[in-house]
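Residue 121 in numbering that gives the first Met the number 0 is what sits at position 122 of the sequence shown, and the numbering runs on without skipping anything.
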Amino acid sequence: MKKLLLLIFLLKSLFIFSQINFSAEQVLANEKNTTTINSNSFTADLNNDGFKELIVNASDNTLVWYKNVNGNLLYEQKHTIDNTYSLRGISAADLNNDNLNDIITIDSYLDKVSWYKNLGNDKFSNETIIASIDNPQSVEIADLNKDGFNDIVVCSLNSDGVLYYLNKGNGTFEQGKKISSSGYGFEKVKILDLNNDGFLDILSKSWGDQIFLNKNTGTGTFEPPVYVGYTADYSSFDFLDINKDGYLDLIAFNSDKKLSYYLSQNGDNFDFPIVIDNEANNFVELCVKDMDNDGLADIVASKSSNLGWYKNNPDKSFTFQTVSNSTIQFLKNLIVDDLNKDSIPEIICLSTLKTQASDKEKLSLYTYNSSSSLYDETIIKTWLSAISSIRIGDLNNDGLNDIVTGFSIVAWNKNLGNGNFSSQYLLPTDVTSFLSSKIELADMNNDGWIDIIAVTQYKFEIYKNNGNETFTTVYSIPLLSFQDIEIADFNNDGKPDICFTNPYSTDNKFGIIKNRGNFNFEDITPINFSTYYFKPYKIKSGDIDKDGDIDIVVSSETSSIQVLKNDGQGNFSLDTELTEITADAIELADIDNDGYLDIIAADGYSYSPRGVCWIKNDKGVFDSNSTIRIVDNNQSLQTLACGDLNGDGKIEIVGASYEYFAPYDEKLIAYSFENGSFQKTIIHNLGDAVSLSRDVTIGDLNNDHKLDIATSYYMIGKASYFINTSTLSIEDVQNSGSNTVHVYPNPTSDKISWDSEINYDIIIYDQSGRTV
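Structure below.
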């Protein structure tokens, strides 16, 4: 008889077991939705909480938005609205007067203007096509005829020119009315009351860099276009009342590419340019906003590949203030808005960085730091390249395990509870990196906060956890190549040390960096191998012989597995060489619950004669007579993790594979040791996903006291997790004469009750299944 375990009564005839089950894959991060220089963005309050969200179209043709939670755009995972093709512009406004801002997009390839109705509760409708227009370039929304409904203005790069669409008020629009045309086409529109008559006029910039004005007649029509100014190639323009005469003046870049202003002539046209900055620059974007809350609107722009703003002084002069000293190119889609409601606007922009491999683009948020009087950069999204590793740990000590990923930039996703995670927070690593990172987690300075250890592009670095969800690079040394790192206290001084393998180096293929404390480290202590051509690959550490110090097991893809014994001071010598085993991945775990750590080894190629195997630890001894048991001789695994997945007190083996030969299967697998043999459970099967390399780690992600799985996919640049849905149950069986009962863990109650007076030995295991 089976029944749900609510309270455990230990009887002589009780047997506890569970099946291994996991949820469907939940994608944490991937290279989709990466911004490119052709991306567009817009800010608007989409849920009426007073904070403006960020809407972005991405390089994989998706329309996404980041919810603003108390000024934090990365608090939640991004929300996907639709798959699009080639969005050229985004805007947001309430089109149907339901007090919710809708999203409007223009597609320059499919030649359409689209509306996504805001349904509330962070949901949007499917696409409604409002109009067709040839190669639209820019869109603006405002109530042009004062009927209480927002209308739409769009410009076309081709023959359609500038058109406006009046809102009928019932979710439909009138046919577009053309108000301007040019042989060059148009690339930008703006809506504002230029002549102070109370009606919104339309200004447009042609592909020939001319600015035209269409005055609003006040009757829902517009006067013919009038040429009013000029701005340099590919650049934008804005308006600011420079001389305080009540009329908005034109801010643009003159023919010499110098930032200038053109004084308004009563809103009818503009005077000759007056230069603000004599230095010629490749300006592209500018925006007018009061940046220092002094009541004077300032000008935000790029200068010599740096982002900054020109402070508007009372004497009509301007002083340049630097926002970012980092070299940026092709700054585009500049947004200046107060996103955290501190009355000091933030700056969002797209830009390009030159890297060793190729140009790299990023979407950045710059926030003013009153303590330093500088701007802090938060990268919202950038191309992260492939991913080498993934780890689970509580980085902010809130009792919830977060996920850390080793892309080309080290990143982490905050656990929000209930299986929900934030967007990626990027660590202060080199954004121009293009090689993936190997990461480990440990409290390196014993301050109670988990730090991040990483081998990034040609560097070994440690990022100190500042205790406020930020990290600082405190240690960095050159390291041209690497394969694996392991963190443990090797010399018993209470401070975690670092062990690494570097098989492709001519020297220092394997070594230890001893921790002196407070992020001070000794030089590398090399460990040499006597075996000819032995190339150390993967490493694991643990107390093999139960003598109180940490030993090391090292694998090689082409040679053997070597067991190195620790003399207690962090000095190692070869104890055993298992010449019959080569391995891509190794792990240490007590498979048979005898109190000794065994070796689990796996080859990355399915044609290996052993595949996945278990090497039994004979009371601290591995030798040529050690028992080697085949777990699965028809399966390759590129990475391993071990833990009790189903609460039966026995360790399961978790691994991920990618087959380099037909049928190219890519699987996430668990092996459970039952009745003297291993049972295989396929958790996820991708087929041929071309990941090429995988990593896997386990930990409790939703505080249900069960071990969940997180995994990474190298070439497809994806990190995912699987929630453990296994449940314990009980079954009455015939009394075998044994009173031995294992309960691990007790998932539903803090009490264990006996119904009779029987002496029991109680053994307590930690989360990995080891005896405490």
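Yeah, the Cβ is synthetic: ideal placement off N, Cα and C, and Gly gets one too.
Residues that residue i bridges to, as DSSP identifies them
{"i": "residue 322", "result": "Note: residue 322 sits in no beta bridge, so no partner."}
{"i": "residue 613", "result": "599, 628"}
{"i": "residue 183", "result": "DSSP lists no partner for residue 183."}
{"i": "residue 344", "result": "Per DSSP, none; premise fails for residue 344."}
{"i": "residue 271", "result": "Answer is none; residue 271 lacks a bridge partner."}
{"i": "residue 139", "result": "152"}
{"i": "residue 298", "result": "287, 309"}
{"i": "residue 171", "result": "Looking at the DSSP assignment, residue 171 forms no beta bridge with any residue, so it has no partner."}
{"i": "residue 248", "result": "239"}
{"i": "residue 510", "result": "499, 525"}
{"i": "residue 28", "result": "718"}
{"i": "residue 520", "result": "514"}
{"i": "residue 350", "result": "361"}
{"i": "residue 43", "result": "52"}
{"i": "residue 696", "result": "709"}
Residue range of the beta strand (DSSP E) that includes residue i
{"i": "residue 308", "result": "305-311"}
{"i": "residue 427", "result": "Unbroken run through residue 427: none, as it is neither H nor E."}
{"i": "residue 535", "result": "Residue 535 -> no beta strand (DSSP E), and no H or E assigned at all."}
{"i": "residue 575", "result": "571-577"}
{"i": "residue 438", "result": "437-441"}
{"i": "residue 655", "result": "651-657"}
{"i": "residue 679", "result": "676-684"}
{"i": "residue 144", "result": "No beta strand (DSSP E) contains residue 144, which DSSP labels as neither H nor E."}
{"i": "residue 713", "result": "Here residue 713 belongs to no beta strand (DSSP E), and DSSP marks it neither H nor E."}
{"i": "residue 587", "result": "584-588"}
{"i": "residue 516", "result": "514-516"}
{"i": "residue 229", "result": "225-229"}
{"i": "residue 485", "result": "483-487"}
{"i": "residue 563", "result": "560-565"}
{"i": "residue 725", "result": "Here residue 725 belongs to no beta strand (DSSP E), and DSSP marks it neither H nor E."}
{"i": "residue 260", "result": "258-264"}
{"i": "residue 471", "result": "470-477"}
{"i": "residue 671", "result": "665-673"}
{"i": "residue 555", "result": "Note, residue 555: premise wrong, no beta strand (DSSP E); not H, not E."}
Exposure of residue i, with buried meaning 16 or more beta-carbon neighbours within 10 Å
{"i": "residue 420", "result": "buried"}
{"i": "residue 234", "result": "buried"}
{"i": "residue 64", "result": "buried"}
{"i": "residue 460", "result": "buried"}
{"i": "residue 584", "result": "buried"}
{"i": "residue 346", "result": "buried"}
{"i": "residue 340", "result": "exposed"}
{"i": "residue 18", "result": "exposed"}
{"i": "residue 731", "result": "Note that residue 731 scores a pLDDT of 44, beneath 50, so its modelled location is shaky; the value from the coordinates is reported in the next line. Answer is exposed; the Cβ neighbour count stays below 16."}
{"i": "residue 26", "result": "exposed"}
{"i": "residue 678", "result": "exposed"}
{"i": "residue 546", "result": "exposed"}
{"i": "residue 23", "result": "exposed"}
{"i": "residue 271", "result": "exposed"}
{"i": "residue 344", "result": "buried"}
{"i": "residue 444", "result": "buried"}
{"i": "residue 632", "result": "exposed"}
{"i": "residue 399", "result": "buried"}
{"i": "residue 177", "result": "exposed"}
{"i": "residue 515", "result": "exposed"}
{"i": "residue 575", "result": "buried"}
{"i": "residue 525", "result": "exposed"}
{"i": "residue 88", "result": "buried"}
{"i": "residue 100", "result": "buried"}
{"i": "residue 847", "result": "It is not possible to answer for residue 847, since the shown part of the chain is limited to 0 through 771."}
7 Å Cβ cutoff, residue i in contact with chain C
{"i": "residue 368", "result": "No chain C is part of this structure, which consists of one protein chain only."}
Self-check item: Meets three-Cβ-pair contact criterion under 8 Å: the segment 545-563 and the segment 593-601
Solution: yes
Quiz item: Is the segment 95-111 touching the segment 139-156, taking contact as three or more C-beta pairs under 8 Å?
Solution: yes
Practice problem: May I have a chain-ordered list of the alpha helix (DSSP H) segments no shorter than 4 residues that lie completely inside the segment 365-429? | Solution: none
Practice problem: Would you list, in sequence order, the uninterrupted beta strand (DSSP E) runs of no fewer than 3 residues that lie entirely inside the segment 77-134? | Solution: 78-82, 86-92, 101-106, 111-119, 122-131
Exercise. May I have a chain-ordered list of the beta strand (DSSP E) segments no shorter than 3 residues that lie completely inside the segment 50-74?
Key: 52-56, 61-65
Quiz item: Is it true that the segment 441-454 meets the segment 103-111, where meeting means three or more beta-carbon pairs spaced less than 8 Å apart?
Solution: no
Quiz prompt | Complete runs of the beta strand (DSSP E) confined to the segment 187-220 [at least 3 residues] | solution = 200-205, 209-213
Quiz prompt | Stretch-stretch touch, CB-based, cutoff 8 Å, three pairs: the segment 374-386 with the segment 699-709 | solution = no
Quiz item: Does the pairing of the segment 66-84 with the segment 127-140 give three or more beta-carbon distances under 8 Å?
Solution: no
Practice problem: Evaluate the contact criterion for the segment 703-717 versus the segment 363-379: three or more CB pairs, one atom per stretch, below 8 Å. | Solution: no
Quiz prompt | Three CB pairs or more closer than 8 Å across the segment 199-219 and the segment 279-295 | solution = no
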